[in-house]
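Here is the structure we will look at.
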Ligand code: NAP
Ligand code: G4F
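Residue numbers (the numbering used here): 227 to 546.
Have a look at this one:
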């Protein structure tokens, strides 16, 4: 029988890769779509005719209940969120509402309409924040450093709570940073690869950056959505760290991206306090042994390959 899935956050980076994966596997895919004056669906333009969209918003409980009734899903993937850490200091309340309470809105809709549906929550390594141990694993205590991180901790624990209170099949994927050519240009990887390509083509003169010493565990989004799906195919629900186990500085990212285009980054990068955060997450490094052992999840794209893929994609897009 054809399985059906309901996805929130379909227009975002992960939503687009997950939708491709689910369609490939033969799922009927339903997706929540926010009404906007100018619809932008760049990431899913190529598959939009295969998806059934249902209008709604994570902040509007009724619209989620309606979406559950229409889609009657076997699996629910809650990827929607205000996901940019920098913006969470400018819009902390909105971030709390969508990234935090939005999870409860979605869980309630599932509980009321289709409690047997399997539920995936997009939790984040940002919850580890000012890390208390390295590498970080599923049991590492959380110490969030941004309104976004605080909201994700709430979303994480409410997911665990619904699993324990109502015996729902609810999983939380604690995903470390993952990137792709579909990443928003405000995030550091895409900001750098887009700028390097623009500079190469003479469309931009400099790149203004924040903290180059921050360290992240960066993987490829296409690999990470496979882990989301695998979590919902297990016999029992659980939480998993998904990461590469490799850490690089923002400066290394800049070096590789500019180097790919034979540019010396030092000639173009300018430090601008505007991009330095009120509270920084200095380093993130995940150990995903549990996911490898229980899910059989494997990484395919490494860091340098990822950055190269993004630079090449930006250069090709901008050259058109
Ligand atoms: P993204 O590209 O920023 O996409 C966010 C999605 O959420 C968009 O489709 C957006 O829709 C939707 N959205 C935002 N507010 C909404 C609301 N109130 N109601 C309905 N939809 C709403 O994020 P991503 O990188 O794909 O990440 C997916 C999820 O994983 C997010 O929850 C993020 O916090 C989490 N996460 C990401 C990473 C990472 O490194 N990428 C790591 C850990 C966790 P519009 O197009 O309408 O704005
Ligand atoms: O790319 P970023 O904005 O990602 P950040 O803050 O790590 O958050 C991302 O990963 C989380 C998982 O850990 C997700 F939950 C979240 O939704 C998002 O996808 O920044 C990465 C690092 C930070 O330390 C930041 O201070 O890069 C540093 N950075 C330095 N200069 C900069 C810049 N970040 C941005 N966005 N822009 C800069 O100019």
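Ideal Cβ placement from N, Cα and C applies to all residues, glycine included.
The beta carbons of residue 232 and residue 293 sit about 7 Å from each other, so the pair counts as a contact at 8 Å. Of all alpha-carbon atoms in 398, 339, 323, 314, the one lying nearest the alpha-carbon of residue 371 is that of 314. Distances from the CB of residue 454 to the heavy atoms of ligand 2 are all 7 Å or more. A direct Cα-Cα distance of roughly 43 Å separates residue 533 from residue 338.
In terms of side-chain proximity, the C-beta atom of residue 446 is found no nearer than 7 Å to any non-hydrogen atom of ligand 2. With respect to residue 523, residue 421 sits apart: the two C-beta atoms are not nearer than 8 Å. Nearest to residue 407 by alpha-carbon distance, out of 238, 229, 466, is 238.
For residue 506, the shortest separation between its Cβ and any heavy atom of ligand 2 lies below 7 Å.
Check the Cα spacing between residue 417 and each of 502, 245, 435: the tightest is with 435. Taken from the Cβ of residue 262, at least one heavy atom of ligand 1 lies inside 7 Å. Taking each of 457, 448, 477 in turn and checking the Cα distance to residue 440, the smallest one comes out for 477.
Spanning the alpha carbons of residue 525 and residue 299 requires a straight line of approximately 28 Å. The continuous stretches of alpha helix (DSSP H) do not include residue 398, which lies in the beta strand (DSSP E) extending over residues 396–401.
With a threshold of 16 other beta carbon atoms within 10 Å, residue 508 falls short and is exposed.
Between the region 372–384 and the region 484–496, the count of Cβ pairs shorter than 8 Å is below three; the stretches do not touch. Residue 466 and residue 398 have their C-alpha atoms some 7 Å from each other. The secondary-structure analysis by DSSP pairs residue 382 with nothing; it has no beta-bridge partner.
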